[in-house]
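Numbering (full-length UniProt numbering), first residue to last: 1 to 762. Virtual Cβ for every residue (Gly too), placed ideally from N, Cα, C. Accompanying notes for the structure given below.
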């Protein structure tokens with residue numbers, strides 16, 4: 001009897017420990033909203049099409065005919081340092097270093113109607129409002145703030161394609177909802193190409209907006225429904241005067257006119273409200289049509305129960321967060337689950353409930369057998385985010401790869417995406433890193449489509465001779481400095497991508513392709529100047545550029561980095577790089593210098609993506625090119641220094657505060673680095689099935705994999721001081737190398753680190 005009871009008790013303990021936990025309270029969306037993080041605090045669901053969030057200013061991208069540098073602070077629309085809110089728009093990027101979006105801004109007001117946003121120094125000069133962080137709540141799937149100047153409580157939540165607003169008004173016969181169709185992030189006078197609005201009845205409005213911004217031809221359709229009929233409505237058209245006026249002037253289009261079109265439009269809807277009355281709005285988006293937007297609304301939120309939508313959004317988040325359960329300090333749990341939250345925001349679903357989406361060719365397509373995604377910030381996310389998805393979101397990453405191949409099919413250039421969103425490629429950043437994502441998915445067995453076709457698409461992209469120096473790269477083995485301002489970093493990134501193509505070709509038994517790209521992957525050697533031991537620009541005649549500064553991030557042949565960081569960018573072949581740099585001891589000493597040196601501000605003053613907060617010595621963690629560097633000590637025979645550096649970076653670059661990110665989160669890349677590193681392993685070279693081991697900062701982590709297996713990381717004697725690894729066991733057997741494979745994890749089991757406070761030199 002006792003034996004049976006003990007068995008039941010043991011099973012009960014297992015059930016409780018593996019049961020879903022409430023992890024939503026550990027997500028703090030305000031982390032990264034101050035300084036350089038560029039995250040947004042508003043409401044979204046995992047990979048959701050809608051990101052409903054406050055915007056705190058309306059700076060223009062243009063100032064006196066030039067780029068307005070201050071607009072960079074508003075990549076996510078919201079800046080924690082600000083004291084006013086202009087409204088709540090429905091589309092946002094998370095953590096980018098350039099921007100777009102900010103569609104369909106809604107602002108509730110009361111009192112005299114104002115149809116301009118006013119200025120931050122005097123919020124009462126427009127429809128914006130002062131607010132206090134003391135009256136602000138940001139959670140996964142929910143946002144709340146008191147708009148002080150209007151005495152209105154604003155609450156936001158969302159489904160995949162619908163933003164749900166709930167506004168609690170004071171008693172007033174002058175209550176308004178502003179719909180600003182001019183508003184946008186990185187806005188300028190001619191960004192909005194055209195806007196159309198149709199007032200269907202006194203509770204339903206539909207329309208669309210086409211913009212020419214980072215995405216050149218972007219059209220978003222909407223359906224806006226009110227819980228309460230508006231008593232009147234109108235618009236203000238701020239279009240520039242034209243000679244041709246047409247004959248629509250027969251109507252008074254400014255008030256109660258249901259057919260509205262123009263480039264610069266702000267609308268208003270009037271209400272009488274009682275004290276404490278809640279007016280609710282549902283804004284559904286579609287990439288295809290107004291009809292689809294309305295269908296999205298009816299499918300996802302057919303009711304007016306705000307709490308029900310909020311509860312579902314948070315349940316969706318909780319399900320995703322529970323894919324990894326950790327034992328750690330409360331502070332580390334906040335950092336961990338906020339990072340996990342940020343990794344699961346982008347890419348975003350890009351299709352309607354019926355499977356339709358607008359393609360790169362601007363035609364309507366049907367996603368057959370997959371979910372179509374957009375928002376691919378690939379220069380950032382190929383490094384750790386997509387490898388993290390291959391581990392924790394393989395079904396979604398499979399669909400993301402299929403989305404990239406659909407992009408390729410629709411492209412007149414026959415290229416895979418570089419940085420794509422909303423049926424556009426904005427061509428931002430360097431490399432052709434879709435091939436890294438495709439290769440990693442194929443090699444790890446995640447992609448279940450036509451792998452041969454995927455390889456052909458990679459090859460076609462890599463041979464597009466008139467794109468970013470590829471022709472010179474093929475002919476010379478490097479890109480001359482005269483041909484491209486980022487010639488060195490492009491050469492290095494192409495070489496890595498070509499290695500990825502080689503690995504895919506090898507996997508698919510395409511030996512001829514493998515040989516071609518294996519050789520191309522060695523092109524990094526052509527920009528390594530052995531006389532100084534650094535990567536350096538080369539001229540057309542083959543000589544190295546004479547005027548050169550290894551510390552500067554500007555005008556030296558590198559994108560968003562300097563030679564000190566990019567000289568370590570050979571993730572595909574660290575062993576050869578070590579030999580080029582003089583062997584393991586000299587290489588490790590070079591790494592030591594990187595982390596210990598002083599990089600004066602003047603060397604990155606002209607690179608807005610790099611600031612002091614993201615720098616440790618000369619190592620720039622706040623930007624991506626060196627994210628793998630701390631792990632390179634493993635190849636130099638000094639893994640204890642990898643362990644020391646990783647824990648230092650985790651502690652210095654990730655904090656549970658609004659300014660807690662040392663750089664742009666870049667659609668989840670910074671957070672994905674944290675996820676991997678805090679669990680003790682990292683994908684130094686995506687396209688390989690190997691992870692380099694580091695130093696876990698959690699006491700334990702339980703990964704629930706999609707194949708039904710469970711993989712557990714355990715750190716014995718874990719503490720802030722015990723950052724060094726004494727030994728590592730995989731399923732009870734000692735590891736002889738500081739690495740594990742993807743297959744090791746997929747089998748399930750346990751990875752056990754034994755931690756100590758002293759370096760273990762072997």
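Give a yes or no on whether the C-beta atoms belonging to residue i and residue j are separated by under 8 Å.
| i | j | result |
| --- | --- | --- |
| residue 521 | residue 514 | no |
| residue 50 | residue 60 | no |
| residue 105 | residue 176 | no |
| residue 164 | residue 152 | no |
| residue 57 | residue 74 | yes |
| residue 499 | residue 572 | yes |
| residue 616 | residue 670 | no |
| residue 202 | residue 230 | yes |
| residue 478 | residue 501 | no |
| residue 39 | residue 665 | yes |
| residue 661 | residue 36 | yes |
| residue 88 | residue 52 | yes |
| residue 488 | residue 566 | yes |
| residue 157 | residue 401 | no |
| residue 431 | residue 472 | no |
| residue 211 | residue 184 | yes |
| residue 378 | residue 418 | yes |
| residue 84 | residue 123 | yes |
| residue 595 | residue 647 | no |
| residue 770 | residue 611 | The question about residue 770 has no answer here: the residues shown for the chain are numbered 1 through 762. |
| residue 222 | residue 283 | yes |
| residue 631 | residue 591 | no |
| residue 205 | residue 300 | no |
In or out: residue i buried (at least 16 other Cβ within 10 Å) or exposed?
| i | result |
| --- | --- |
| residue 776 | Any question about residue 776 goes unanswered here, given that the chain covers just 1 to 762. |
| residue 82 | buried |
| residue 369 | exposed |
| residue 25 | exposed |
| residue 425 | buried |
| residue 297 | buried |
| residue 510 | buried |
| residue 627 | buried |
| residue 415 | buried |
| residue 468 | buried |
| residue 247 | exposed |
| residue 325 | buried |
| residue 243 | exposed |
| residue 23 | buried |
Throw me the rounded Cβ distance for the residue i and residue j pair, which I believe falls under 8 Å.
| i | j | result |
| --- | --- | --- |
| residue 292 | residue 363 | The Cβ separation is near 15 Å, so there is no contact. |
| residue 786 | residue 436 | Here the chain comprises residues numbered 1 to 762, so residue 786 is not present and cannot be evaluated. |
| residue 103 | residue 209 | 6 Å |
| residue 668 | residue 381 | 7 Å |
| residue 444 | residue 742 | 5 Å |
| residue 536 | residue 526 | Contact doesn't hold; Cβ gap of about 11 Å is too wide. |
| residue 383 | residue 624 | 6 Å |
Output needed for residue i: all residues of its chain with C-beta closer than 6 Å, excluding positions within five of it in sequence on either side, in chain order.
| i | result |
| --- | --- |
| residue 394 | 446, 706 |
| residue 344 | 46, 320 |
| residue 524 | 492, 495, 570 |
| residue 658 | 30, 33, 34, 80 |
| residue 372 | 350, 351, 357, 403 |
| residue 759 | 640, 724 |
Could you name the residues of the same chain whose beta carbon sits closer than 7 Å to that of residue i, not counting the 5 residues immediately before and after it, in chain order?
| i | result |
| --- | --- |
| residue 135 | 145, 146 |
| residue 367 | 351, 355, 357 |
| residue 699 | 327, 328, 715, 718 |
| residue 643 | 694, 695, 723, 724, 725 |
| residue 727 | 734, 754 |
| residue 765 | A question about residue 765 goes unanswered here, because the residues of the chain that appear run from 1 up to 762. |
| residue 607 | 553, 554, 560 |
Output needed for residue i: all residues of its chain with C-beta closer than 8 Å, excluding positions within five of it in sequence on either side, in chain order.
| i | result |
| --- | --- |
| residue 448 | 398 |
| residue 453 | 405 |
| residue 172 | 110, 111, 272, 273 |
| residue 148 | 129, 130, 131, 132, 135 |
I'd like to know whether the C-beta of residue i is nearer than 8 Å to at least one C-beta of chain B.
| i | result |
| --- | --- |
| residue 154 | Given the protein chain composition of this structure (a single chain), no chain B is represented. |
Legend entry - Every unbroken alpha helix (DSSP H) inside the region 715-754 [4 residues or more]: 742-746
Inset, instruction - Run through the region 543-600 for me and flag every whole alpha helix (DSSP H) of 4 or more residues, listed as ranges in chain order. - result: 563-566, 574-580, 584-596
Legend entry - Whole runs of the beta strand (DSSP E) within the region 608-689, excluding any shorter than 3 residues: none
Inset, instruction - Identify every run of the alpha helix (DSSP H) within the region 377-434, keeping only runs that are complete inside it and at least 4 residues long; order them along the chain. - result: 378-381, 385-392, 394-410
Legend entry - 3-residue-minimum beta strand (DSSP E) runs that sit fully inside the region 220-299, ordered along the chain: 232-237, 259-262, 265-273, 277-286
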